[in-house]
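Going by the numbering used here, the residue at position 162 of the sequence shown is 278; the numbering climbs one at a time, nothing skipped. For reference, the structure discussed in these notes is given below.
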Amino acid sequence: MRIAAITITYNDDYKYKEWQEHFLEYENEIFLHVIVDNNSEQGYKEKLQEGFSRSHIIYRTSNGGCTGAYNDGIRYALSIPDVDAIMLIGNDIRLKVGASTIMHRRLFSDAKLGMIAPILLTKDSMIVEDFGCSISKALIMIPYCVGKVHSNINENIHYCEALTGGMNLSKREFYENVGLQDDNLFMYSDEVDMGLRAKKSGYTLAAISDAVSWHQHINKDTNTNRRDPYTKYLAGRNKVYVAKKHYGLLRVIYVFLFYVFGSLYKILINLIKGNFYQIKEYFWLIFGAVMGLLGNMKPNRFSVPSEDVELQK
């Protein structure tokens, strides 16, 4: 078993301690640990070197989002012939001891399986958050068995269309044949894109219930506890982009109108409620959908985190 585990990070000091604790639970089951830093501040980079001295750390000179950073790690893993499997694992994921070994064994027991994932539970609970996903007509990931208690899941394996982007294990050959993640996406919809590409390449995806993980949802303390508006821009842009990439004109129009009219409805509701901050978010989503329709995937001030905008000034 030769697993290369890849984790991406960007100024994640607020969850650094928990990340270290989670890493120790699966460290002995992996062959190589790769960290890809998305151009964090120097002080945080030094902290990474100190706390993960046995890991291979790749320092990017710009923020590549999820896709660009994961691809750097995947390329490095593929450059090492002994690596037979690649695990993407977020730094707010806790993986139960032994889960990596279970996933690896199950993955290589089926020639058609290209990617596998553990069942994902809600923070510090036994409630299912994700057990593999289907993909809706609007290209939304719909998690299976969400809200159920883990002990009530009778299925040991669930074959599905998409898996969580920050917690999965793939055979080496999967990336060699299907390709890396799409850098144009930056983040969001990468799981949908990869699921559709895997199917076209003849691979199946699955989640298993006897390998357990938890999504710890370690977030920054904020007044609104909401994500930046740029995330809505990317969501709208990437859904339409993926529709254009994989489907014909009718599906593209459907996906575009779904997000535009859905956003207009949300704007109206939030206007009535006086939630003006959220109105901005849905205008950005509409703008993103338009850019996706036009095929404009270039970075701009709407598509990057606010701190990156400050760095670019």
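By construction, the Cβ of each residue, glycine as well, lies at the ideal position given by its N, Cα and C atoms.
Would you give the residue range spanned by the alpha helix (DSSP H) that residue i belongs to?
| i | result |
| --- | --- |
| M257 | Element bounds for M257: not the alpha helix (DSSP H) but the beta strand (DSSP E), M257 to P259. |
| H362 | Y346 to H362 |
| Y192 | G181 to L194 |
| A405 | F392 to L410 |
| I369 | L365 to K389 |
| L140 | Y132 to Y142 |
| L164 | Q158 to G167 |
| R440 | The requested residue 440 is not part of the displayed model; the chain covers only 117 to 429. |
Any idea if residue i is buried or exposed, counting beta-carbon neighbours within 10 angstroms, 16 or more meaning buried?
| i | result |
| --- | --- |
| L409 | buried |
| M310 | buried |
| T177 | exposed |
| M242 | exposed |
| M117 | exposed |
| Y381 | exposed |
| R210 | buried |
| S329 | buried |
| G159 | exposed |
| S169 | exposed |
| I385 | exposed |
| T340 | The predicted position of T340 is uncertain, since its pLDDT is 49 and thus under 50; a value taken from the coordinates is nonetheless stated next. Label assigned to T340: exposed. |
| L366 | exposed |
| K348 | buried |
| N179 | buried |
| I383 | buried |
| E245 | buried |
| G318 | exposed |
| Y275 | exposed |
Just curious, the beta strand (DSSP E) that residue i is in, first and last residue?
| i | result |
| --- | --- |
| M283 | M283 to K287 |
| A327 | T320 to H331 |
| L148 | L148 to D153 |
| Y175 | H172 to Y175 |
| Y275 | I273 to C276 |
| M203 | A201 to I205 |
| Y123 | According to the sequence shown, residue 123 is Thr rather than Tyr. Element bounds for T123: I119 to T125. |
State yes or no: is the C-beta of residue i within less than 7 Å of the C-beta of residue j?
| i | j | result |
| --- | --- | --- |
| L285 | M203 | yes |
| H138 | S171 | no |
| I273 | A322 | yes |
| I119 | I146 | yes |
| R353 | G404 | yes |
| Y132 | S156 | no |
| H333 | K264 | no |
| I235 | G189 | no |
| V199 | E141 | no |
| V376 | V356 | no |
| S379 | Y363 | no |
| I232 | M219 | yes |
| D299 | G411 | no |
| L255 | V358 | yes |
| L287 | A201 | Residue 287 is actually Lys in this sequence, not Leu. A contact, by the Cβ cut-off of 7 Å. |
| S250 | E271 | no |
| Q297 | Y192 | no |
| S225 | I269 | no |
| Y63 | D153 | The first residue shown for the chain is 117 and the last is 429, placing residue 63 beyond what the model contains. |
Check the C-beta distance from residue i over to residue j and give it rounded, since I have them as a contact under 8 Å.
| i | j | result |
| --- | --- | --- |
| K350 | Y393 | Here the sequence assigns Leu to residue 350, which means Lys is not the residue at that position. In fact, because the Cβ distance is near 18 Å, the residues do not count as touching under 8 Å. |
| G230 | F290 | 4 Å |
- request: Would you list, in sequence order, the uninterrupted beta strand (DSSP E) runs of no fewer than 3 residues that lie entirely inside the region 210-266?
  value: DSSP runs (the beta strand (DSSP E)) wholly in the region 210-266: 229-238, 244-246, 249-251 and 257-259.
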